[in-house]
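Listed in order, the protein sequences are those of chains S and H. One gets this note's numbering by counting positions in the first sequence from 1 and adding 155 to each. One gets this note's numbering by counting positions in the second sequence from 1 and adding 7 to each. Yeah, the Cβ is synthetic: ideal placement off N, Cα and C, and Gly gets one too. Report on the structure given below.
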Amino acid sequence: MSAMTAPPAQPASPPPAPRRSARDSSASWRLTDRLGLAFAWLLGIGFLVVTAAIVLYMMVQGLRYVRPELFVTSPSAGFTESETGGFLDPLLGTVIVAAMAMAIAFPLGLCIAVWLSEYGRPSLLARVTESTIEMLAGTPSIVFALFGTLLFEQGALAFFSRTNDGGVVYGRSFFAAASMLALIALPLVVANVREGLQAIPAHVREASYAVGKTKLTTTRRVLLPAARPSVVTGAMLGVGRVIGDTAVIVLLLGATLRFNPAGDVPGLSQLKGTGSTLTSFVYANAPTGEANQPTKAYAAAFVLLSMVLVLNFAVDLAVRRGRRWR
Amino acid sequence: MLGALVCAVLLFVLTIVVFVFKEAWPSFQHNGWAWFSSGGNVDRQIQEIFTAAADLRRPVYTFHAWPIIWGTFLITTGAVALSFVAALFVSVFIVEFAPEWIRTILEPVVRLLASVPSVIFGLVGVLVLVPFIGEHVISDDNRRSVSYIVSLSGYSLLAGVLILTLMIAPLMIAVFSDGLRSVPRGWLEGSLGLGINRWRTFWKIGVRTARPALVAGTVLATARALGEAVMLAMVTGGVAFAPNPADGVIFFVEPTRPLAATILQASEELTAPAMRHTIFAIAAVLLFSALMLSLTGWVVKQPMKKYGVRA
């Protein structure tokens, strides 16, 4: 067979466009493959559209109903929109709960992650810890909430909530809610910090040991600073989870929309008392809730969504900064 | 010292599990296996347990949880099945087929949607989806045909499944795309080199290699679906009614209420001991299901480890 017999219509070489070769163009594929590709496009775009629709809808509705005075007035009982006040207390409640829960979950999670990644002996204990943390992540938050009501009703923990004249401990307070929310945030902190620590190459540790640093100093001065983006990500995701949780708040913070302090020590009495957060405010103001003021619910949901958006942005920033070791 | 801290946390978690099961035991003891069976109206049984305690009568424990177990099962299975298909295609799209600019939008959007609080989904459901179903999906004939059993108002199984799908799909997409991304490039290129087209290559090699990630994502999402209380309490109607498949299309728009939402709604009445045991029994069932779920996921992943990617 010589070159002369080759069909002359065929070009010698296809144009150099690797992404658009004949095989890549789906025109020659089997029908099922083309349907699959079309379906993937459809669902991908559809997912984007639905998400955008929801977020934009919440934003537009929120902007319609959110007014500056809502931020500075407390909720109050009433039948009309003008009587029911704003969401100052829930907003502060969200901040307080998030701060308290993270004050517990963050150091604890950091320690567990460091132990798992750097020490991890005996290995059986490490294995058990790992599965336990995984189990915590998979446990419904309502189960924690229910356990919390039982735990904080014990007489020994009466300090953390209100006690009535008969000596019955009420068991609902900022302390109770925050400590159970800490359990929900814990797996996120542990997983992220641990991932960050494990991404650090071994030679970094060895260099530090070689100049005579102990394991503890190495962890504190070298590894944790290097893993800071992951640490920040873990903390942010934890905060996001905490401010978004409703079940624990409804069960453990009491159903009062305003702060309802217990005792008369300023500051501490608020924390021992009941209150609300933005999530429980939205829950109560939805048409299915007790207060039923949908416009207030939209406004509070808007504020909540904005907080989540800001947190997400912060996580993105932290992740982008943290590409050092990869 | 760190080790001691870790042990303390482990001990605390163990305490939680033990306490929940211990508190739940009286309810199981009084009802036996009938706890899981059908019989009577769950809402009325809860009412009876509560009033018996309030009137200082002998505590009543009778509780047949089948309607709420069935409701949980329907909602979870429906949402997980729908979101599995959706998430699989979307993550294949994100990882392999999406143009760069769509990918840069889609990835943050998925992460954002995964972190939107459930109460916001609930609010959207209650104010948008539920009225829509009530006005446009349910006809007056439907309403009349079952009016002697249950009233159809739009608060329904369908609303719960759809919103829950939207909530758990981002979780699945995140885990699935991580798995798909870590499929060795050489394996895909080997197939492409043999002249297999891109779709079939990715479907047959990429997706199969990422099976452990598919299992992990599904387990994570199912756990979330099982435990979702607030959103489902808002959109599924708050009636402990077992939707009946024999009702035809109406089945989908019948109200129901899953286990977790039942806990939420009954939580005001925790003071009575019998009530507390009953509610803790529901929590124990949830906790047990969550434990079994992670165990199943682990078992299913074992044989896949040989050729699969790490997940």
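Check	Outcome
Ile209 (chain S) versus chain H: which residues are under 7 angstroms apart at the beta carbon?	Val131
Would Gln309 (chain H) be called buried (16 or more neighbouring beta carbons within 10 Å of its own) or exposed?	exposed
Under 9 angstroms between C-beta atoms, does Thr304 (chain S) make it to chain H?	yes
If the cut is a Cβ gap below 8 angstroms, which residues of chain S does Trp194 (chain H) touch?	Under the 8 angstroms cutoff, chain S gives no residues; its nearest Cβ is about 18 angstroms from Trp194 (chain H).
Applying the 10 Å Cβ sphere with the 16-neighbour rule, what's the burial state of Tyr1 (chain H)?	In the structure as shown, chain H begins at 8 and stops at 318. Residue 1 (chain H) is therefore absent and cannot be evaluated.
Quick one: residues in its chain with C-beta nearer than 7 angstroms to the C-beta of Gly428 (chain S), no 5 flanking neighbours on either side, listed in chain order?	Arg317, Ser328, Phe414, Asn415, Pro416, Ala417
Does chain S have any CB closer than 9 angstroms to the CB of Arg264 (chain H)?	no
How many angstroms separate the CA atom of Val49 (chain H) from the CA atom of His37 (chain H)?	16 angstroms
Beta-carbon of Ala297 (chain H) versus every beta-carbon of chain S: anything under 9 angstroms?	yes
Using a Cβ cut-off of 8 angstroms, pull out every chain S residue sitting near Gly115 (chain H), in sequence order please.	The residue asked about is misnamed: residue 115 (chain H) is Pro in this sequence, not Gly. In chain order: Asn467, Asp471.
Mind listing the chain S neighbours of Met241 (chain H)? Cutoff is C-beta to C-beta under 7 angstroms, in chain order.	Ala441, Thr443
Is DSSP giving Asn415 (chain S) helix, strand or coil here?	strand
Output the boundary residues of the alpha helix (DSSP H) element that contains Ala247 (chain H).	Taken as a continuous stretch (DSSP letters only), Ala247 (chain H) belongs to no alpha helix (DSSP H), as it is neither H nor E.
I need the DSSP call for Thr172 (chain H), collapsed to helix, strand or coil.	helix
Just reading off the alpha helix (DSSP H) that Pro219 (chain H) is part of, what are its end residues?	218-234
Restricting to Cα atoms, I'd like to know which of H:Ile82, H:Met241, H:Gly46 is closest to Phe258 (chain H).	H:Ile82
By Cβ distance, which residues of its chain are closer than 7 angstroms to Ala177 (chain S), with the 5 residues on each side in sequence left out?	Bear in mind that a pLDDT of 49 at Ala177 (chain S), under 50, signals an unreliable position, so the model cannot answer this.
Would you kindly report the start and end of the unbroken alpha helix (DSSP H) that includes Glu311 (chain H)?	It is Met, not Glu, that sits at residue 311 (chain H) in the sequence shown. Here Met311 (chain H) belongs to no alpha helix (DSSP H), and DSSP marks it neither H nor E.
Given a cut-off of 9 angstroms, decide if Ala59 (chain H) and Arg65 (chain H) are closer than it, judged by their beta-carbon atoms.	yes
Classify Glu450 (chain S) as helix, strand or coil using the three-state DSSP reduction.	Reading off the sequence shown, one finds Thr at residue 450 (chain S), where the question assumed Glu. Here Thr450 (chain S) sits in helix by DSSP.
Any C-beta of chain S within less than 8 angstroms: which residues of the stretch 17-33 of chain H qualify?	Leu17, Val20, Ile23, Phe26, Val27, Glu30
Counting C-beta neighbours from all protein chains within 10 Å, is the total for Gly200 (chain H) 16 or more, i.e. buried, or is it exposed?	exposed
Applying the criterion that 16 or more other CB atoms from any shown protein chain within 10 Å of the CB defines a buried residue, is Phe43 (chain H) buried or exposed?	exposed
What are the residues in the stretch 66-83 of chain H lying within 9 angstroms of chain S by C-beta distance?	none
With C-beta atoms as the reference, is Met241 (chain H) less than 9 angstroms away from Gly78 (chain H)?	no
Taking Phe248 (chain H) as the reference, give the member of H:Ala31, H:Phe28, H:Gly47, H:Leu21 with the closest Cα.	H:Gly47
Rounded to the nearest angstrom, how far is the Cβ of Thr374 (chain S) from that of Val116 (chain H), given a contact under 8 angstroms?	Incorrect: roughly 36 angstroms between the Cβ atoms, too far for contact.
DSSP beta-bridge partners for Val324 (chain S)?	S:Thr318
Short check: CB of Val252 (chain S) to CB of Leu130 (chain H), under 9 angstroms?	no
Assign Ile180 (chain H) to buried or exposed, taking buried as 16 or more other Cβ atoms, counted over all protein chains shown, within 10 Å of its Cβ.	buried
Just to make sure I have the definition right: I need the residues of chain H whose C-beta is within less than 9 angstroms of the C-beta of Ile355 (chain S). Which are they?	Here the premise fails: no neighbours, minimum Cβ distance about 18 angstroms.
Please report how far the alpha carbon of Ala260 (chain S) lies from the alpha carbon of Ile267 (chain S), in whole angstroms.	10 angstroms
Which bits of chain S does Val126 (chain H) rub up against, with CB to CB less than 7 angstroms?	Thr401, Thr434, Val437, Tyr438
Distance check for Leu173 (chain H) and Glu285 (chain S), CA to CA, integer angstroms please.	29 angstroms
What residues in its chain sit with their C-beta under 6 angstroms from that of Arg150 (chain H), if we drop five residues either side in the sequence?	Leu159
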